[in-house]
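Participant: Just so you know, the UniProt record's numbering puts 227 at position 227 of the sequence shown, and the rest follows in order with no gaps.
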Amino acid sequence: MLSRYHGRLTCLALITALATVGCSSSEEPDRKPAAPDVRPLSGATAFSHVDSVRLHNREERAVTACMTARGQQYTAQPAIASARGEETNPYGLLTPQRAAADGYGIVGEYLHLRSTPLPTGKPRTKAWQQALTGTAEQRVTLHLPGGTNVQYSTDGCIAQANAEVYGPDWNTLEPITMKLANSVLATVEEEPAYRKALQRWSACMRKSGHPAVDLQAARAPFNARLPTAAKDEEELRALGRDEIEAANADARCQREIGLAEAVAGVQQKVERKVLTADNRETIARYRQAKERALNEAAE
C-alpha cells in the first residue's frame, strides 16, 4: 500500500514540477486571435474527454447487461484514456497554452499511464469470448473506402452494445467515417500547399534551435529519450523541461507562419475534391448517431 501511495506522490511532484516549468515564461502574452483547431471532417470524429468517458461508461453498461443475459460474468472496465490522448490534434497542431502547460504530452501521458491501473484480465472460456465478440458464423466483412476491409461479428455483445448506444448502423458508420477522416488527413499532408507551409515552419524551428522536417519529427527525440528517462526521476524531469521548451518553440513557429490557417485552407480544398455525395451522407448520419448518443448519455 505504501509503495502505491508513494508512487502517486512522485507522479504529483513530477506533474507539479512540469507545470511550474510551463508557466514560468516571461514573454508578453500573445494577443493574436486563436488559431483554428483544424480536424478532418470538421471534427466529426473528435470527442471531448468528458463525452468520451460518458459514452464509454454507457457502452460498458450495455455490454455488462448483454453478457449477464447470456449467463456470462463481465466486469465493466473503467475508461483509462486521458484527455490529452483523446484531444490531441491529429495534424500535430499546437496552441501556445497547451505547449506551455504540457509540451507535446509525452512525459505527461507517461505519468498518466503509470498512475492508472490497467484493466483487469484473466483467461476466459471460448463461450465467454464468443458471447463478447461474436461467432465466426455471424462474421461480416465491411469494405472501406480505399480498398481495406474490416470484420466484426454481429452477434457479439460488443456489436450489440454499439447498436444500443449509437443506433443500428453504428458498426458500419463508425469505421467508414474514421477511414474517411484518415484519408483526408493523409491527402492533406501530401498537398504542395501544405508542404510549403511545413517548410516555412521547419525553417523557423531550425532558427529556434529545434530542427525538424515535419511535425512528428519534432516529437521524435523526446519519444526516443523516454524509455531511459523513465528509469530515473531526475532524468524524467529534465526530459519534461526539454519537451516543454521545444513545444513552446514549435507553437510559436506554427503561430508565426500561420500553419493552422494554412492547414485549414488545404483541408477545405481536399474535402471538396475527395469526398463524394455518398461520403457526405455517411458523415452526416455518423454525426446524427453521435449526437443522439451524447444526448441520451447526458440524461
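The beta-carbon is built from N, C-alpha and C at its ideal position, and this holds for glycine as well.
Being a predicted model, the structure only gives us computed values, none of them experimental.
What residues match up with Q151 in a beta bridge as DSSP calls it?
Facilitator: Along the sequence shown, read from residue 1 onward, the residue named residue 151 stands at position 151. Its beta-bridge partners are T141.
Participant: Among Q73, K179, W201, I158, which has the Cα closest to the Cα of H56?
Facilitator: Looking up residue 56 in the sequence shown gives position 56. Taking only the C-alpha atoms, the option nearest H56 is I158.
Participant: With distances taken from CA atoms, which of K126, V165, A186 is nearest R61?
Facilitator: Counting from one through the sequence shown, the residue named residue 61 turns up at place 61. Cα-wise, what sits closest to R61 is V165.
Participant: Taking the beta carbon of S24 as the centre, do at least 16 other beta carbons fall within 10 Å, making it buried, or is it exposed?
Facilitator: In the sequence shown, the residue the question calls residue 24 occupies position 24. In this prediction, S24 scores a pLDDT of 42, lower than 50, which makes its location untrustworthy; the coordinate-derived value is nonetheless stated afterwards. Exposed, because fewer than 16 other Cβ atoms sit within 10 Å of the Cβ of S24.
Participant: Buried or exposed: L113, going by 16 or more other Cβ atoms within 10 Å of its Cβ?
Facilitator: Residue mapping note: residue 113 aligns to position 113 of the sequence shown, counting from 1. Result: exposed.
Participant: Whole alpha helix (DSSP H) runs in the region 173-230 with 4 or more residues, listed along the chain?
Facilitator: Segments of the alpha helix (DSSP H) lying fully in the region 173-230: 192-207, 215-229.
Participant: So what does DSSP say about N295, is it helix, strand or coil?
Facilitator: For the purposes of this step, residue 295 is taken as the residue at position 295 of the sequence shown. Looking at N295 - three-state DSSP - the assignment turns out to be helix.
Participant: Any chance the region 67-75 sits against the region 218-226, with 3 or more Cβ pairs inside 8 Å?
Facilitator: No: the two stretches stay apart, fewer than three of their Cβ pairs being nearer than 8 Å.
Participant: Taking 6 Å as the limit between beta carbons, can you name the residues of its chain near H210, skipping five residues before and five after?
Facilitator: The residue labelled residue 210 in the question sits at position 210 within the sequence shown. Excluding positions up to five away in sequence, the list reads A246, A249.
Participant: So, using beta-carbon positions, are P285 and L173 closer together than 8 Å?
Facilitator: Here residue 285 is taken as the residue at index 285 of the sequence shown, counted from 1. Here residue 173 is taken as the residue at index 173 of the sequence shown, counted from 1. Strictly speaking, residue 285 in this sequence is Arg, with Pro absent from that position. Yes, the pair counts as a contact, with Cβ atoms nearer than the cut-off.
Participant: Check whether the Cβ atoms of L226 and L239 lie closer than 8 Å to each other.
Facilitator: As a first step, residue 226 is located in the sequence shown; it is residue number 226 there, counting from the start. As a first step, residue 239 is located in the sequence shown; it is residue number 239 there, counting from the start. Yes, these two residues count as a Cβ contact at 8 Å.
Participant: Beta-carbon within less than 8 Å of residue 317's beta-carbon, same chain only, minus the 5 sequence neighbours each way: which residues are those?
Facilitator: There is no way to answer for residue 317, as the model of the chain reaches only from 1 to 299.
Participant: Determine whether the beta carbon atoms of A44 and R287 lie at a separation below 8 Å.
Facilitator: The count along the sequence shown starts at 1 and reaches residue 44 at position 44. The count along the sequence shown starts at 1 and reaches residue 287 at position 287. Result yes, Cβ atoms of A44 and R287 sit closer than 8 Å.
Participant: Scan the region 72-138 and note each continuous alpha helix (DSSP H) run of 4 residues or more that stays entirely inside, going in chain order.
Facilitator: With a minimum length of 4 residues, the continuous alpha helix (DSSP H) runs that stay inside the region 72-138 are 83-87, 96-102, 106-114, 126-133.
Participant: Under the three-state reduction of DSSP, which class applies to S52: helix, strand or coil?
Facilitator: Stepping through the sequence shown from its first residue, residue 52 is reached at position 52. In this structure, S52 counts as helix in the three-state DSSP scheme.
Participant: Got a sec, what are the start and stop residues for the alpha helix (DSSP H) R39 sits in?
Facilitator: Mapped onto the sequence shown, residue 39 falls at position 39. From DSSP, R39 is part of no alpha helix (DSSP H); its letter is neither H nor E.
Participant: Quick check: what's the CA-CA separation for E96 versus Q130?
Facilitator: In the sequence shown, residue 96 corresponds to position 96, counting from 1. In the sequence shown, residue 130 corresponds to position 130, counting from 1. In the sequence on display, residue 96 carries Pro and not Glu. Cα to Cα, P96 sits roughly 48 Å from Q130.
Participant: If you draw a straight line from the alpha carbon of V184 to that of N89, how long is it in whole angstroms?
Facilitator: The residue given as residue 184 occupies position 184 in the sequence shown. The residue given as residue 89 occupies position 89 in the sequence shown. Straight-line Cα distance between these residues: approximately 14 Å.
Participant: Counting Cβ pairs, one atom from each stretch, are 3 or more of them under 8 Å apart for the region 187-195 and the region 260-279?
Facilitator: Cβ pair count under 8 Å is three or more, so yes.
Participant: In whole angstroms, give me the CA-to-CA distance for A65 and E59.
Facilitator: Numbered from 1 along the sequence shown, position 65 holds the residue referred to as residue 65. Numbered from 1 along the sequence shown, position 59 holds the residue referred to as residue 59. So the two alpha carbons sit approximately 10 Å from each other.
Participant: Could you tell me the alpha carbon to alpha carbon distance between R53 and A79, rounded to whole angstroms?
Facilitator: By one-based count along the sequence shown, residue 53 stands at place 53. By one-based count along the sequence shown, residue 79 stands at place 79. First, the residue type needs correcting, since residue 53 is Val and not Arg in the sequence shown. The alpha-carbon atoms of V53 and A79 are separated by roughly 6 Å.
Participant: With the cut-off set at 8 Å, would you say V150 and P117 are in Cβ contact?
Facilitator: Your numbering for residue 150 matches position 150 in the sequence shown. Your numbering for residue 117 matches position 117 in the sequence shown. Taking 8 Å as the Cβ cut-off, V150 and P117 do not qualify as a contacting pair.
Participant: Considering only the beta carbon of each residue, do A100 and I244 sit closer than 8 Å?
Facilitator: If you number the sequence shown from 1, residue 100 lands on position 100. If you number the sequence shown from 1, residue 244 lands on position 244. A contact, by the Cβ cut-off of 8 Å.
Participant: Going by DSSP, what residue range makes up the alpha helix (DSSP H) through D250?
Facilitator: Within the sequence shown, residue 250 is the residue found at index 250, counting from 1. Segment 233-257, the alpha helix (DSSP H) holding D250.
Participant: At least one CB of chain D closer than 8 Å to the CB of A161: is that the case?
Facilitator: Here there is only one protein chain, and chain D is not present.
Participant: To the nearest angstrom, report how far apart L275 and N182 are at their CA atoms.
Facilitator: For the purposes of this step, residue 275 is identified with residue 275 of the sequence shown, where counting begins at 1. For the purposes of this step, residue 182 is identified with residue 182 of the sequence shown, where counting begins at 1. Looking at the two C-alpha atoms, the distance is approximately 12 Å.
Participant: From which residue to which residue does the alpha helix (DSSP H) around A159 run?
Facilitator: If you number the sequence shown from 1, residue 159 lands on position 159. That run of the alpha helix (DSSP H) goes 157-166.
Participant: Closest to S115 by CA distance: which of T141, A81, S208 is it?
Facilitator: To locate residue 115, count along the sequence shown from 1; it is residue 115. For the residues T141, A81, S208, the minimum Cα distance to S115 belongs to A81.
Participant: Run the CB neighbour count on V21, radius 10 Å, all protein chains shown included, and call it buried at 16 or more, exposed below.
Facilitator: Residue numbering aside, residue 21 sits at position 21 when the sequence shown is read from its first letter. Any answer about V21 is weak, because its pLDDT of 46 lies below 50 and its placement is not dependable; what the coordinates show is given next. Buried, because 16 or more other Cβ atoms sit within 10 Å of the Cβ of V21.
Participant: List the whole-angstrom C-beta distance separating G103 from L132, where the pair is believed to meet the contact cut-off of C-beta under 8 Å.
Facilitator: Along the sequence shown, read from residue 1 onward, the residue named residue 103 stands at position 103. Along the sequence shown, read from residue 1 onward, the residue named residue 132 stands at position 132. Contact flag wrong, Cβ pair sits at about 38 Å.
Participant: Please name the residue in G134, T177, A212 whose C-alpha comes closest to that of A161.
Facilitator: Numbered from its first residue, the sequence shown carries residue 161 at position 161. Among G134, T177, A212, the Cα nearest to that of A161 is on G134.
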